[in-house]
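S.K.: First the structure, then my questions, so here it is.
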Amino acid sequence: MPELPEVETVRRQIAPILTGARIQHASIFDPRLVRPFAPDLVAAEIEGERVSTVDRRGKYLIVRFESGLALLVHLRMTGSFRAAAAGGLADDDPHRRAVLKLDNGSDVGYRDVRRFGTWELFQPAELDTYLAARLGPEPLGAFSARALAQRLAVRRTSLKAALLDQRTVAGLGNIYVDEALWHAQLHPLRLAATLATDETVRLHRFMRKVLRLAIERQGASLRDYSTPSGEPGGMQHEFHAYGRGGDPCDRCGTPIAKTRVAGRGTWYCPRCQVDSTQP
DNA sequence: AGGTGGACCCGAACGC
DNA sequence: TGCGTTCGGGTCCACC
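Going by the working numbering, the letters in the first sequence line up with residues 11 to 289, in that order.
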């Protein structure tokens, strides 16, 4: 489940390989990846393009070409990249959906078991509009506790639902929301608009801390995620809440509880994360 | 208007 | 052992 830290790890690993390289040949095997457009049309459009930068915005990867064209990649749940020397990608992967052959002697494979991931081509102006409509600020960019407070104040829903909404803050998913809330000692069902200043400050501080640590650990490898070099991340060893139902809370020893919030499996400490707005 | 829940996928884990 | 069922997760899109 690639969230911001996993996507940033992928970006850091593929950026040096892609940047400055020309796409010699593109193969797209799964129509779902680029629909409603035909795979060969999309492949033809990026062939010959030279990569200028590889950026990230929220959970999106942006491969920008010198022509101005941009390839917007979303890994959704199980998308992953794998880099190898030319001809060095395993040839028996049934989940491989695309391959980019570069003019610098590298092959970049794209794999996606569940086929939710997407590749979309954009002209620069369109891309900005598209992203601006979907994403709030980058949590690790110029993002203040005051900005977070402002965004939460207008929401009429739970803290968890508000944080999962990419327009509140870009890049958090189910895992890092639970982790940030555990650190900040806030209940996932707490109404977003009811946070006191010190609570918002805590949430802001810990969401950034957790994301930074996760990037340092190269993301969390639970089921499908691994880095483009094939290594697993290490952040799963730093989890305090996510997936830890029944384990003693690392702060107070109370067993971690599991419930369902905003349609998602949600783990929290029933003692440390008390909802002061609920009876 | 804004929030909620189902659809999209498919492998893993589970139940019998 | 083998089958069927449930689950999960990000985003979009109906629906309330």
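Glycine residues also receive a C-beta, built at the ideal position from the N, C-alpha and C atoms.
Just so it is clear, the structure is predicted and the values come from calculations on it, not from any experiment.
#1: Helix, strand or coil for A93? Go by DSSP, reduced to three states.
#2: Between which two residues does the beta strand (DSSP E) holding A108 run?
#3: Who are the Cβ neighbours of R222 in its own chain at under 8 Å, not counting the five residues just before and after it?
#4: Among the residues of its own chain, which have a CB less than 7 Å from the CB of V284, if the five just before and after it don't count?
#5: Tell me where the beta strand (DSSP E) around E16 begins and ends.
#6: Extract the residue ranges of the alpha helix (DSSP H) inside the region 96-160, only unbroken runs of 4 or more that lie entirely within it.
#7: Going straight from the alpha carbon of L28 to that of A94, what length do you get?
#8: Please classify N114 as buried or exposed, where buried requires at least 16 other C-beta atoms within 10 Å of its C-beta.
#9: Can you find the residues in the same chain that come closer than 6 Å, C-beta to C-beta, to D175, ignoring five residues on each side of it along the sequence?
#10: What are the boundary residues of the beta strand (DSSP E) that includes V61?
#11: How should C282 be labelled, buried or exposed, when 16 other C-beta atoms within 10 angstroms of its C-beta is the threshold for buried?
#12: Check whether the Cβ atoms of I185 and A142 lie closer than 8 Å to each other.
#13: Quick check on this structure: which residue in A190, F91 and Q195 has the alpha carbon closest to the alpha carbon of F216?
#14: So, for R177: in the same chain, excluding its five sequence neighbours on each side, which residues have a beta-carbon less than 6 Å away from its beta-carbon?
#15: Are there three or more Cβ pairs, one per stretch, closer than 8 Å when the region 12-23 is compared with the region 239-255?
#16: Counting along the chain, where does the alpha helix (DSSP H) carrying R74 start and finish?
#17: Please state if the CB of S90 and the CB of R66 are separated by a distance shorter than 8 Å.
#18: Can you give the beta carbon distance from L112 to I33, rounded, assuming they're within the 8 Å contact cut?
#19: Can you name, in chain order, every residue of its own chain whose Cβ lies under 6 Å from the Cβ of A203, other than the five neighbours on each side?
#20: Nearest-angstrom Cα distance between R21 and L51?
#21: Assess contact between the region 133-141 and the region 98-106, defined as three or more Cβ pairs (one per stretch) separated by less than 8 Å. Is contact present?
#22: Near A155, which residues of its chain fall below 6 Å by C-beta distance, leaving aside the five closest residues on each side in sequence?
#23: Which value, in whole angstroms, describes the spacing of the CA atoms of G127 and H35?
#24: Hey, K170 and A272 are a contact pair by Cβ (cut 8 Å); roughly how many whole angstroms apart?
#25: Starting from L82 and walking both ways along the beta strand (DSSP E), at which residues does that stretch end?
#26: Just mark H247 as buried or exposed, buried being the case when its beta carbon has 16 or more other beta carbons within 10 Å.
#27: Based on the DSSP output, what are the partners of H35 in its beta bridges?
#28: Alpha helix (DSSP H) containing Y186: first to last residue?
#29: What's the C-alpha gap between A194 and G98?
#30: Leaving aside the five residues before and after R225 along the sequence, list all residues of the same chain whose C-beta is less than 6 Å from its C-beta, in chain order.
M.R.: On the basis of the supplied data:
#1: strand
#2: R106 to L112
#3: L150
#4: H197
#5: Looking at the DSSP string, E16 is not in any beta strand (DSSP E); the run it does join, the alpha helix (DSSP H), is L14 to L28.
#6: 134-144
#7: 12 Å
#8: exposed
#9: none
#10: V61 to R67
#11: buried
#12: no
#13: A190
#14: G146
#15: yes
#16: From DSSP, R74 is part of no alpha helix (DSSP H) but of the beta strand (DSSP E) over Y70 to F75.
#17: no
#18: 7 Å
#19: A163 and R165
#20: 25 Å
#21: no
#22: T210, V211 and H214
#23: 21 Å
#24: 5 Å
#25: A80 to H84
#26: exposed
#27: K111
#28: N184 to A194
#29: 45 Å
#30: According to the sequence shown, residue 225 is Ile rather than Arg. Cβ neighbours of I225 beyond the five flanking positions: P15 and E18.
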